[in-house]
Every structure is written in C-alpha cells, then in structure tokens.
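Residue numbers (this note's numbering): 29 to 689.
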C-alpha cells in the first residue's frame, strides 16, 4: 500500500494517514519541514530502487539502496534506534561536522535521548545512510570498482552514518486502533483506556506483545490501563522471556512458561515466534481450573501463525495484510479495538438468549408432558389434547398452538434482546460451565411445580371451585367444555407470563427491566395474547374451546399473573444451596474437543474407543451453544472461556464495523 497523508476536509481535524502509521509519521515530519515528499517520489520512483531490505522482526529495520548523483549508490536505513545505532560508525555532531561514533557516544545518546523519549511513550526511530562511490571515497564512504554484492547484507548495512533520532507518538485515543492479549496489534487511540477497562471488568485479561522498546511499551501500557500503579505484574523483553521459559537445551518447557504467563502483562522487543510461543503456552497450560481461551490481534504477515493458533484471531481490515486476514477468524473493518468489546457483548448476548429460550421451553415441555400423561391415565383424556372436528382426525390442535407459542414465537421474542453494557459486568462463562445452570434449573422446577399444582387443582376440583359442569369423563366426540377450556386457557396464560420471567436467567428480581426496549418481544407477547382471546372466544369446534365469561377470564389471568409472583418467591431460594446435580449440559473432556478439532487422530484406531459420529455431532452442537465470542501486537484472554476453537474455526468470517468509528 502506498503511504500518504491526505489533507483534512475539515480545518479543525488532523490530516488523514493512509498506510503504515510509522511511515506516515515520518512523512508528516517531512511536511513539517515544509518539504514535499511527493517530489522525491517523482524523482526516484520505486522502479529505480537498486535493492530493498524489507522490515522484519529479525532486522527491526528497513534499508533501501538507490542510485547516487555523481555515480555509485546510497543506502538509507531506518529502524529501531538501538539496532540501527549499533551499526553506525559515524555521526554528524551539533555543528554539522562528521565525527566518529564511539561506543561511549552511543551509550550517552541512548541514556540521554532515547530512554527519556521511550519513557514518555515515544517510539524512537534512527535514520542513517551509507555511500558506495566509484571514485575517491570520504572517511564515511566505501570505494567500489563494480557492483557490490548486495546479498551480503551484513557488509552492506554496516558502518553507517547516523543522521538523526526521531520520536513517534501513538496517542492513546478513546478507542484502540492497531493492538495487544487480547494478543494486541493496533495503533493506540483515546477510547483505548475505556475499552480496556471494560475488558478487564468483563474478566478479560489484556496483554501487550510488541516489538517496541520496553520503556515505550511500559509507558503505552500505563496510559491505556494495561498496567496500573502498584500492580505486581511482569514486563519482559523477548530475550528475558525466552531465558525464563527455555531449559539448558534451549527447548520451551511448559512448566517454566506456566510460571511466567499468568503475571505477564507486557512483552517488549518480541518476535513473532515469541508471540506464537506465548499463545500456544497459554492454550496448552493446565495451571488453571479450565483451559484459557486466547484471542489474538494482528495485522502483519508474521502474525499469521499466532492468529491461526489462537482460539479467535482478529485481523485488521485496513492495515492488515492478506496473509493476516486469511489466518484470522474475524476481520475488524475499522481496525478499532472497541469492536472487540462489542463482539464480546454480542457473544454473551447470544449465549444468554439461547439460555433464556431453553429455560422457557423446558418449563413448557415438562408441564405439558406431565399433564398430558397423568390426564390420560387419570381421566382417560388430556386437558391439553382435546378432540377437534372429525375432519381433523383428532389432531391435537391446542397442542399445536402451544408449540407455536413455545417454539417459533418464543424464540423470536427471547432471541431478539439487544446486548447491554450489563453483560460486561459479569465474568466469562467457563469452558465446562453447564449450559443450564442451577439458577435456571431452579426456575424451571419452581415454575413447573406452580403450573402443575394449578392445572391439577383445576382438573380435579376446578369444576367445584368455579361452579361449572365437569369435563372429566366426557363421551367420545362430545363438544368442548368450559372446564377443559379454562384449563387450556390457564396453561397458556401461565406460559405467556412465564415468558416474561424467562427473560432473566441470573436471578435478577426486576424482570421488567428493558421490557419496553425490545419492541419485538412485547409485540409478540401482546399479539399472542390477542390470538389466544380469539381462539377461546371464537375457536369453537376447530380449536375445541368453549366461550368463557369475564369472571372465568379473570381467573385465568389471575393464575397466569401468579407465575410472576411465584417467580419472586423462587428467586429468594439460595442457588448455592442447591445440589450441583441440578445443573445440566456441562462441557466434555478436552480429549473429545481435540477429537472434534483434529479429526480424532489422537484416539486409538479401535472403533470402540473412538467417539462415535453421533457423539461428535452432539458435542459440536453443545459447544456451539456454549460458545461466545467474547495487535504494537496485543493478546485477549477471554477469561475461562468466551469461545471454543472448534466453533471459531468453522464460523464464517465476520466483519465488525463500529458505527461510530
């Protein structure tokens, strides 16, 4: 991509930078000197370059060889200050005279200039050059008789003449651009501190892995909230990191890595290999109760292995290379860290929506099955399976309506809740956390007991209570009765009101919070209520219903509204005192997850020991339900589990766009 700076359309705004931020900053420096970089580009297009030594994590610098006026060649080099300065043998002093660049001068420059700039959060870049001339050579030039051996990089990029050291600032904006373990790889901006604060509050550990100087990395990490005063966390350089995690033979040892990564927050002067080792080490670690889930951000080609290894790989849509995008799972079209926070919110919201629907549906299923079974055994007829006209072949029309409420309409109503910031106030769900928690099971059983008590009371003594003819023992083919119509209507009312209860799955008391912020929910709820009135009053033989009086309707509404009151009673029961056996849907052992991801290679060839296809499909389905999406380069560790790799790798690539970005 051609780097350039575009003038701002609004005079109050800064010029727009297109391309690599470091190179754009250098172009801005040229403009600040009232020079035109475009003139230089026109005079020396890329086609005239003799040789380019591209930037990589090993060189930490970039060098370009161009033809020199008067003959010969000139090498320009820019890169990390401490790397480039070590290759310099000359420097222009304060008066502009050429001087020998001694080790003492280099140490003094690092101590008095580079380190203070780095401590202020500036990324320092050194710029140097070297001339190769065919004629008489100056002290800092090299005489050549022919074409130099450009493949001998160690000789070519050496004995340079230092020109200057510049400091580049990544202003901490409200949202993070560019990043850190999430692992991050953005340019920082002012929404960053707020976004990182939200991640930390949500149980997400943010780590920064960068190639910058350790002082620069520490300063930036402090500004954006990764490091806080008084924190007892590790800030390491790549060399020290490798020294701590490798044995005497130079091999990475997991037990040594487990002593480092839990407290590591900033890894500076690191290579792509260091990032990959860190990601793999966190994923393979067994020092926590359940395996950590790691998300990595990156934009460069070298970030590919780490992006692919991570449970979730985030690539930059603007600054990212094609290799990084291909290796990632999610592409951030605005290169905005805040979009990850939104992804986590949406992931948790999807998980909660599934849990809400399951809580509601299981309650309806439990009650309907028990009523149908006991009713058939006790009174030779089910109150919820009334016979319709003969042309319907005794189809359970009422149960079809109940299933429509329970499945289609309820799923639309409960799955359309928009994510709120409250979702980030909770810790992540564990990888093996039961899909149906003890709180949910408490609600299911509590509501089931209430509804069964009401329905069986109406079935066996309702005719006496309401002074109506009994519907028990009716002859085959007899018309609809008030008795069974009241039971059916009461069941639907309790189901409808319990749908409001089902909106809360974490024991919240205010079940109406956010009720009117979801028009789809209350529209479906009101529409279902209206349809039920029509079915009862005008359904007749088609729905096996009998018209009810106002008093009878009030009784049905009273029992339905009672589910809300009973829900408050159930909420007071301490969840922690309930046995863990009441939870359901706990994650499967890690080896089954590996079998899904790796194609069962690690299992014995004996078919009896392999997970069956049905098991694999079941585990995949369950992990999908339990999955949610909760780079200098940076890492996001979604606590105990925000997402599952088996799901992430199969998910289609998403593009997240911040509406305000």
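Note that CB positions come from ideal geometry on N, CA and C, so glycine has one too.
**OP:** For the beta strand (DSSP E) holding residue 95, just list the boundary residues, first then last.
**Re:** Within the chain shown, the letter at position 67 stands for residue 95. Annotation: the continuous beta strand (DSSP E) that includes residue 95 extends over 89-95.
Original post:
How about residue 288 and residue 273: are their beta carbons less than 9 angstroms apart?
Top reply: Counted from its first residue, the chain shown places residue 288 at position 260. Counted from its first residue, the chain shown places residue 273 at position 245. Between residue 288 and residue 273, the C-beta spacing is below 9 angstroms.
Original post:
Does the beta-carbon distance from residue 323 to residue 338 come in below 9 angstroms?
Top reply: Position 295 of the chain shown, counting from 1, holds the residue named residue 323. Position 310 of the chain shown, counting from 1, holds the residue named residue 338. Yes, Cβ-Cβ distance for residue 323 and residue 338 is below 9 angstroms.
Subject >> Any 3 or more C-beta pairs closer than 8 angstroms across the stretch 170-183 and the stretch 113-127 >> reply: Too few Cβ pairs lie closer than 8 angstroms, so no.
**OP:** Less than 8 angstroms between the CB atoms is what I'm expecting for residue 395 and residue 479, so what's the real figure, rounded?
**Re:** As a first step, residue 395 must be located in the chain shown, where it is residue number 367. As a first step, residue 479 must be located in the chain shown, where it is residue number 451. Yes, they are in contact, since the Cβ atoms of residue 395 and residue 479 sit about 5 angstroms apart, within 8 angstroms.
Subject >> Helix, strand or coil at residue 142 according to DSSP, with G and I counted as helix >> reply: Taking the first residue of the chain shown as position 1, residue 142 is located at position 114. Three-state DSSP puts residue 142 in a helix.
Subject >> Any 3 or more C-beta pairs closer than 8 angstroms across the stretch 483-502 and the stretch 536-545 >> reply: They do not touch, by the three-pair rule.
**OP:** Run through the stretch 226-263 for me and flag every whole beta strand (DSSP E) of 3 or more residues, listed as ranges in chain order.
**Re:** Secondary structure remark: continuous beta strand (DSSP E) runs of at least 3 residues inside the stretch 226-263, in chain order: 233-237.
Original post:
For residue 315, which three-state DSSP category applies?
Top reply: Mapped onto the chain shown, residue 315 falls at position 287. In this structure, residue 315 counts as coil in the three-state DSSP scheme.
**OP:** Let me know the secondary structure DSSP gives residue 530 once reduced to three states.
**Re:** The count along the chain shown starts at 1 and reaches residue 530 at position 502. Coil, per DSSP.
Subject >> Given 8 angstroms, three or more beta-carbon pairs between the stretch 222-238 and the stretch 76-91 >> reply: Touching, no, given that fewer than three Cβ pairs across the two stretches are closer than 8 angstroms.
Original post:
What separation, rounded to the nearest whole angstrom, lies between the Cα atoms of residue 301 and residue 325?
Top reply: What you label residue 301 is simply residue 273 of the chain shown in a count that begins at 1. What you label residue 325 is simply residue 297 of the chain shown in a count that begins at 1. Separation of residue 301 and residue 325 (C-alpha to C-alpha, rounded to the nearest whole angstrom) is 15 angstroms.
**OP:** Report yes if the CB atom of residue 297 is closer than 9 angstroms to the CB atom of residue 265, and no otherwise.
**Re:** Residue numbering aside, residue 297 sits at position 269 when the chain shown is read from its first letter. Residue numbering aside, residue 265 sits at position 237 when the chain shown is read from its first letter. The answer is yes: Cβ separation under 9 angstroms.
**OP:** Quickly, what does DSSP pair residue 101 with across the bridge? List them, please.
**Re:** Taking the first residue of the chain shown as position 1, residue 101 is located at position 73. In the DSSP output, where bridge partners are listed per residue, residue 101 has 95 and 160.
Subject >> Residue interval of the alpha helix (DSSP H) (run including residue 59) >> reply: On the chain shown, position 31 is the one that residue 59 refers to. Residues 49-60.
**OP:** Please state whether DSSP places residue 115 in a helix, a strand or coil.
**Re:** For the purposes of this step, residue 115 is taken as residue 87 along the chain shown, with counting starting at 1. Three-state result, residue 115: coil.
Original post:
Would residue 459 pass as a contact of residue 321 if the rule is Cβ separation under 9 angstroms?
Top reply: Here residue 459 refers to the residue found at position 431 of the chain shown. Here residue 321 refers to the residue found at position 293 of the chain shown. Between residue 459 and residue 321, the gap from beta carbon to beta carbon is short of 9 angstroms.
Subject >> First and last residue of the uninterrupted alpha helix (DSSP H) at residue 376 >> reply: The residue you call residue 376 lines up with position 348 of the chain shown. 366-407 is the span of the alpha helix (DSSP H), which, as asked, contains residue 376.
**OP:** Tell me where the alpha helix (DSSP H) around residue 486 begins and ends.
**Re:** By 1-based counting over the chain shown, the position of residue 486 is 458. Counting along the chain, the unbroken alpha helix (DSSP H) around residue 486 starts and ends at 466-493.
**OP:** Could you name the residues of the same chain whose beta carbon sits closer than 7 angstroms to that of residue 587, not counting the 5 residues immediately before and after it, in chain order?
**Re:** Within the chain shown, residue 587 is the residue found at index 559, counting from 1. 482, 518, 521 and 522.
Original post:
Is the distance from the Cβ of residue 344 to the Cβ of residue 357 below 9 angstroms?
Top reply: Stepping through the chain shown from its first residue, residue 344 is reached at position 316. Stepping through the chain shown from its first residue, residue 357 is reached at position 329. Contact: no.
Original post:
For residue 252, is the classification buried or exposed, using 16 other Cβ atoms within 10 angstroms of its Cβ as the cut-off for buried?
Top reply: As a first step, residue 252 is located in the chain shown; it is residue number 224 there, counting from the start. A residue is called buried once 16 or more other Cβ atoms fall within 10 Å of its Cβ, and residue 252 is buried on that count.
**OP:** Please go through the same chain and pick out, in chain order, the residues whose beta-carbon is closer than 8 angstroms to the beta-carbon of residue 267, but skip the five residues on each side of it.
**Re:** As a first step, residue 267 is located in the chain shown; it is residue number 239 there, counting from the start. Same-chain partners within the cutoff: 297.
Original post:
Under the three-state reduction of DSSP, which class applies to residue 631: helix, strand or coil?
Top reply: For this step, residue 631 is matched to residue 603 along the chain shown. Residue confidence is low: residue 631 scores 37 on pLDDT, short of 50, so the model does not pin down where it sits. Its coordinate-derived value is still stated next. Note: residue 631 maps to coil in three-state DSSP.
**OP:** Determine the contact status of residue 433 and residue 611, defining contact as a CB-CB distance below 9 angstroms.
**Re:** Residue 433 sits at position 405 when you count from the first residue of the chain shown. Residue 611 sits at position 583 when you count from the first residue of the chain shown. No, these two residues do not count as a Cβ contact at 9 angstroms.
Original post:
Of the residues 472, 531 and 67, which one's Cα is nearest the Cα of residue 445?
Top reply: By one-based count along the chain shown, residue 445 stands at place 417. Nearest neighbour of residue 445 by Cα position, chosen from 472, 531 and 67, turns out to be 531.
**OP:** Quick one: using the 10 Å Cβ neighbour count with 16 as the cut-off for buried, is residue 640 buried or exposed?
**Re:** Within the chain shown, residue 640 is the residue found at index 612, counting from 1. Because residue 640 sits at a pLDDT of 45, beneath the cut-off of 50, its placement in the model cannot be relied upon, and the point is left open.
Subject >> Option in 50, 49, 76 and 34 with minimal Cα separation from residue 64 >> reply: Counting from 1 along the chain shown, the entry for residue 64 is found at position 36. Checked all of 50, 49, 76 and 34; the closest Cα to residue 64 is 34.
Subject >> Option in 371, 62, 292 and 512 with minimal Cα separation from residue 447 >> reply: Counted from its first residue, the chain shown places residue 447 at position 419. Checking every option, the nearest Cα to that of residue 447 belongs to 371.
Original post:
With distances taken from CA atoms, which of 307, 449 and 333 is nearest residue 375?
Top reply: Mapped onto the chain shown, residue 375 falls at position 347. That would be 449, whose Cα lies nearest to the Cα of residue 375.
Original post:
Closest to residue 196 by CA distance: which of 152, 603, 226 and 279 is it?
Top reply: On the chain shown, residue 196 is found 168 positions in, with the first residue counted as 1. Comparing Cα-Cα distances from residue 196 to each of 152, 603, 226 and 279, the minimum goes to 152.
**OP:** Spatial neighbours of residue 599 within its chain, please: CB distance less than 7 angstroms, with the 5 preceding and 5 following residues excluded, ordered by chain position.
**Re:** Taking the chain shown and counting its residues from 1, the one referred to as residue 599 is at position 571. Answer for residue 599: 535 and 537, listed in chain order.
Subject >> Reference residue 527; option with closest CA among 591, 466, 249 and 574 >> reply: Along the chain shown, one-based indexing puts residue 527 at 499. With distances taken between Cα atoms, residue 527 lies closest to 591.
Subject >> Entirely enclosed beta strand (DSSP E) segments - the stretch 299-358, minimum 3 residues >> reply: Those beta strand (DSSP E) runs which fall completely within the stretch 299-358 and span 3+ residues are 322-326 and 340-344.
**OP:** Kindly indicate which three-state DSSP category residue 19 falls into: helix, strand or coil?
**Re:** Beyond the ends of the chain as shown, which are 29 and 689, falls residue 19; an answer cannot be given.
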